[in-house]
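According to the working numbering, the sequence shown is numbered sequentially starting from 1.
The C-beta atom is built at its ideal place from N, Cα and C for all residues, glycine as well.
Just so it is clear, the structure is predicted and the values come from calculations on it, not from any experiment.
Below: the structure, in structure tokens.
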Amino acid sequence: MKLPVLFLSVFLLSTASACADDHEGSISFSETEKEAHKQSIGKVVEAATACMSADLDRQKDFYRRYGVAAFYGDRSEFFKLSYNDKYYVVQDALYRQRRDPRLAAQVLKQMRPTSCVGMALKCLERGFRAAGQEEYWSRINRYTGQNSSDGTALQGALRALGWRVLYWNPAPANNEKWDTYEHYKDPTNKDRFWGYHAYRWSTVRSSKKYYYNDVDDAQTLVNFGENVPAEFKRVPFFIGTAHTGYHVFPGTYGNVIEAHSRRRITDPNTVESAKFNPYADGGAPRGMYYSGLIAVPPGY
Numbered sequence: 001m002k003l004p005v006l007f008l009s010v011f012l013l014s015t016a017s018a019c020a021d022d023h024e025g026s027i028s029f030s031e032t033e034k035e036a037h038k039q040s041i042g043k044v045v046e047a048a049t050a051c052m053s054a055d056l057d058r059q060k061d062f063y064r065r066y067g068v069a070a071f072y073g074d075r076s077e078f079f080k081l082s083y084n085d086k087y088y089v090v091q092d093a094l095y096r097q098r099r100d101p102r103l104a105a106q107v108l109k110q111m112r113p114t115s116c117v118g119m120a121l122k123c124l125e126r127g128f129r130a131a132g133q134e135e136y137w138s139r140i141n142r143y144t145g146q147n148s149s150d151g152t153a154l155q156g157a158l159r160a161l162g163w164r165v166l167y168w169n170p171a172p173a174n175n176e177k178w179d180t181y182e183h184y185k186d187p188t189n190k191d192r193f194w195g196y197h198a199y200r201w202s203t204v205r206s207s208k209k210y211y212y213n214d215v216d217d218a219q220t221l222v223n224f225g226e227n228v229p230a231e232f233k234r235v236p237f238f239i240g241t242a243h244t245g246y247h248v249f250p251g252t253y254g255n256v257i258e259a260h261s262r263r264r265i266t267d268p269n270t271v272e273s274a275k276f277n278p279y280a281d282g283g284a285p286r287g288m289y290y291s292g293l294i295a296v297p298p299g300y
């Protein structure tokens with residue numbers, strides 16, 4: 001049954017307000033550290049992007065060879081299995097994909113778990129390491145971990161180091177419709193998937209806050225429909241979140257490279273890439289995400 005929009009908006013507001021007051025812990029960087037990071041951002045971006053591209057290429061090549069994904073979701077049913085059970089699942093998948101089932105042990109040995117935030121963290125770590133800023137990353141990673149590896153905590157930590165945070169929403173006029181649909185699909189929000197679109201948009205406009213995050217720009221990526229602004233496509237690297245950190249999607253020059261935590265091992269798109277265009281068919285992030293935050297490096 002569809003709930004009246006007014007009732008749903010009040011319900012979402014009260015639910016969102018019932019959360020804790022802020023992210024756990026605190027993080028800050030000096031002006032000197034921010035400047036050092038800004039000067040080295042090219043190295044960070046280059047290494048982080050190469051890491052994402054390597055995962056994407058490995059997924060494509062591995063699947064082409066075996067008909068099985070190189071990465072499997074760390075929230076998937078496969079992840080929960082014992083080694084022996086994983087072996088038999090891979091063996092069966094190889095057989096069904098008309099590959100040699102005797103390769104099961106060899107294939108399983110090469111497979112790795114992944115998730116949306118897991119890939120983002122891994123590749124950012126590579127970037128900071130390439131720039132010789134491991135200590136900065138240690139603080140960011142620790143803060144993010146304190147907050148259950150929530151994507152919005154990661155974005156808040158990056159903002160503390162000088163990154164800018166943009167609110168994105170291709171069509172705010174549809175916020176109430178999206179809220180109603182998500183409540184209908186998952187009345188209890190057991191997966192924490194709800195976007196709270198109307199409420200988040202309200203707080204962004206009134207106080208430049210989205211959840212616990214400060215928002216620097218609530219114009220560039222708002223109301224663009226399917227026409228993503230050209231200036232965003234010039235950003236060499238970004239870390240996006242959707243639906244209050246439920247999904248994390250890094251990207252480069254307007255293209256998203258994202259991992260998925262629940263895909264089956266026979267899914268060719270456990271790690272996939274598409275143009276950032278959430279309201280268009282075939283656009284990313286994948287999975288019916290309609291609003292959130294995007295963090296971009298200093299200087300962009």
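Measuring only the C-alpha atoms, how far is residue i from residue j?
i: ALA70; j: ARG58; result: 7 Å
i: LEU161; j: LYS34; result: 5 Å
i: ASP21; j: LEU103; result: Low confidence applies here, because ASP21 scores a pLDDT of 45, under 50, leaving its location unreliable; read the following figure in that light. Near 52 Å, if we compare the C-alpha coordinates of LEU103 and ASP21.
i: TYR143; j: ALA48; result: 19 Å
i: MET111; j: ARG126; result: 20 Å
i: TYR87; j: LEU108; result: 7 Å
i: ALA198; j: SER261; result: 27 Å
i: GLY132; j: GLN91; result: 43 Å
i: ARG139; j: SER40; result: 17 Å
i: THR266; j: ALA120; result: 23 Å
i: PRO187; j: GLY195; result: 13 Å
i: PRO172; j: ALA218; result: 11 Å
i: GLY299; j: ARG234; result: 12 Å
Could you tell me the boundaries of the alpha helix (DSSP H) in which residue i lies?
i: SER202; result: 197-207
i: VAL44; result: 41-66
The beta strand (DSSP E) that contains residue i, what's its start and end?
i: LYS275; result: 271-275
i: TYR72; result: 71-73
i: GLY151; result: Not the beta strand (DSSP E): GLY151 falls in the alpha helix (DSSP H), residues 151-160.
i: ILE257; result: 255-259
i: ALA295; result: 292-296
Do residue i and residue j have their C-beta atoms within less than 7 Å of each other?
i: CYS123; j: GLU258; result: no
i: TYR66; j: PRO113; result: no
i: ILE294; j: GLY225; result: no
i: ASN213; j: GLY251; result: no
i: ARG192; j: TYR246; result: yes
i: SER223; j: HIS23; result: Residue identity differs from the one stated: residue 223 is Asn in this sequence, not Ser. Result no, Cβ atoms of ASN223 and HIS23 do not sit closer than 7 Å.
i: ALA50; j: VAL68; result: no
i: TYR184; j: ARG200; result: no
i: TYR279; j: ALA242; result: no
i: VAL271; j: ASP55; result: yes
i: VAL215; j: VAL165; result: yes
How would you label residue i, buried or exposed, when you count the other beta carbons within 10 angstroms and need 16 or more for buried?
i: ASP179; result: buried
i: GLU182; result: buried
i: THR152; result: buried
i: GLY297; result: The question names Gly, but residue 297 is Pro in the sequence shown. Flag for PRO297 reads buried.
i: SER291; result: buried
i: SER206; result: exposed
i: LEU81; result: exposed
i: VAL63; result: The residue asked about is misnamed: residue 63 is Tyr in this sequence, not Val. By the neighbour-count rule (16 or more Cβ atoms within 10 Å), TYR63 is buried.
i: SER30; result: exposed
i: PRO229; result: exposed
For this session: Counting only runs of 3+ residues fully inside the segment 169-246, write out the beta strand (DSSP E) ranges in chain order.
Result: 217-222, 238-242, all fully within the segment 169-246.
Exercise. Which runs of the alpha helix (DSSP H), 4 residues or longer, sit entirely within the segment 79-149?
Worked result: If one requires a minimum length of 4 residues, the alpha helix (DSSP H) runs lying completely within the segment 79-149 are 83-96, 104-110, 116-130, 134-146, in chain order.
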